[in-house]
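Novice:
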Amino acid sequence: MAGVTTPGWPAAEQIRTHRLTLEPLAVAHADAMVSVLAAPDMYAFSGGTPPTRDDLVRRYQGQTTGRSPDGTQGWLNWVLRLRATGALAGTVQATVERRDTEVVAAIAWVVAQREQGRGYAGEAATAMASWLRAHGVTTLTASIHPDHLASHAVARRVGLTPTGEVDDDGEELWRGR
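Residue numbers for the sequence shown follow the numbering used here, beginning at 272 and rising by one.
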């Protein structure tokens with residue numbers, strides 16, 4: 272399998288859509304991503320506060336290894352670049368693991384507040400989901416706050432449906448193939 276970082280885990284590769292380029296995450300993206308993730312309102316459903324540059328550098332150093340320290344999970348992360356302007360607009364990510372006969376990817380997305388409402392999250396998540404399926408993922412999941420209607424729409428666009436299961440953070444598990 273091309274782009275393998277560790278046995279069985281694919282490495283993130285560039286993905287192009289009509290309006291976006293999904294670039295594999297690099298530590299060098301931290302500087303530009305600070306402003307993308309700066310709006311405090313973006314954390315209304317997930318909690319937390321906007322990260323500093325140093326926070327992002329530390330986070331990205333870990334994420335760009337491509338796998339968990341014990342190797343049981345593959346970590347795939349992309350930044351979203353607007354093809355029209357070259358500006359960064361958000362991220363998509365997948366944590367991939369084997370569960371019995373399934374290869375499951377827990378996916379997530381975030382789009383800069385200034386770029387929300389334009390369909391970028393759905394476009395990026397759909398492209399990522401297609402890429403994951405082409406690389407052996409059999410099941411997709413997402414944990415979504417029950418009041419985050421925009422993320423519900425993204426999940427549906429990717430083919431996920433709510434399961435009725437709620438995690439310890441109060442988020443509902445969505446699942447699809």
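Note that the Cβ used here is the ideal one computed from N, Cα and C, for glycine as well.
#1: Is the CB-CB distance between residue 343 and residue 373 below 8 Å?
#2: For residue 397, which residues of its own chain have a beta-carbon under 7 Å away from its beta-carbon, when the five flanking residues on both sides are left out?
#3: Once you ignore the five residues that flank residue 439 on each side, which residues in its own chain have a CB closer than 7 Å to its CB?
#4: Is it buried or exposed, residue 385, if we count other Cβ atoms within 10 angstroms and call 16 or more buried?
#5: Compute the beta-carbon to beta-carbon distance between residue 295 and residue 308, rounded to the nearest angstrom, for a pair I have assumed lies under 8 Å.
#6: Could you compute how far the alpha carbon of residue 391 sits from the alpha carbon of residue 333?
#7: What first and last residue would you give for the beta strand (DSSP E) that runs through residue 403?
#8: Is it true that the segment 282-296 meets the segment 338-357, where meeting means three or more beta-carbon pairs spaced less than 8 Å apart?
#9: Could you give the uninterrupted runs of the alpha helix (DSSP H) lying entirely in the segment 303-357, keeping only those of 4 residues or more?
#10: For residue 415, which residues from the same chain have a beta carbon less than 7 Å from its beta carbon, with the 5 sequence-adjacent residues on both sides left out?
#11: Tell me the DSSP secondary structure of residue 360 in three-state form.
#12: Which one of 448, 363, 433, 304 has the shortest CA to CA distance from residue 405?
Specialist: Concretely, from the data shown:
#1: Here residue 343 corresponds to residue number 72 of the sequence shown, with the count starting at 1. Here residue 373 corresponds to residue number 102 of the sequence shown, with the count starting at 1. No, the pair does not count as a contact, with Cβ atoms beyond the cut-off.
#2: For the purposes of this step, residue 397 is taken as residue 126 along the sequence shown, with counting starting at 1. Excluding five sequence positions before and after residue 397, the CB atoms of its chain that fall closer than 7 Å to its own CB belong to 428, 429, given in chain order.
#3: What you label residue 439 is simply residue 168 of the sequence shown in a count that begins at 1. For residue 439, where only same-chain residues beyond five positions count, there are no Cβ hits under 7 Å.
#4: By 1-based counting over the sequence shown, the position of residue 385 is 114. When all chains shown are included, residue 385 counts as exposed.
#5: If you number the sequence shown from 1, residue 295 lands on position 24. If you number the sequence shown from 1, residue 308 lands on position 37. With a Cβ gap of about 18 Å, residue 295 and residue 308 do not count as contacting.
#6: Position 120 of the sequence shown, counting from 1, holds the residue named residue 391. Position 62 of the sequence shown, counting from 1, holds the residue named residue 333. In this model, residue 391 and residue 333 are separated by some 26 Å (Cα to Cα).
#7: One-based indexing of the sequence shown puts residue 403 at position 132. It is not in any beta strand (DSSP E) - residue 403 instead sits in the alpha helix (DSSP H) that spans 391-405.
#8: With the cut-off at 8 Å, the segment 282-296 and the segment 338-357 touch.
#9: The segment 303-357 contains these whole alpha helix (DSSP H) runs: 324-334.
#10: Reading the sequence shown from its first residue, position 144 is the one you call residue 415. Same-chain partners within the cutoff: 422, 423, 426, 442, 443, 445.
#11: Locating residue 360 in the sequence shown gives position 89, counting from the first residue. Here residue 360 sits in strand by DSSP.
#12: Locating residue 405 in the sequence shown gives position 134, where the first residue counts as 1. Closest option to residue 405, Cα to Cα, is 448.
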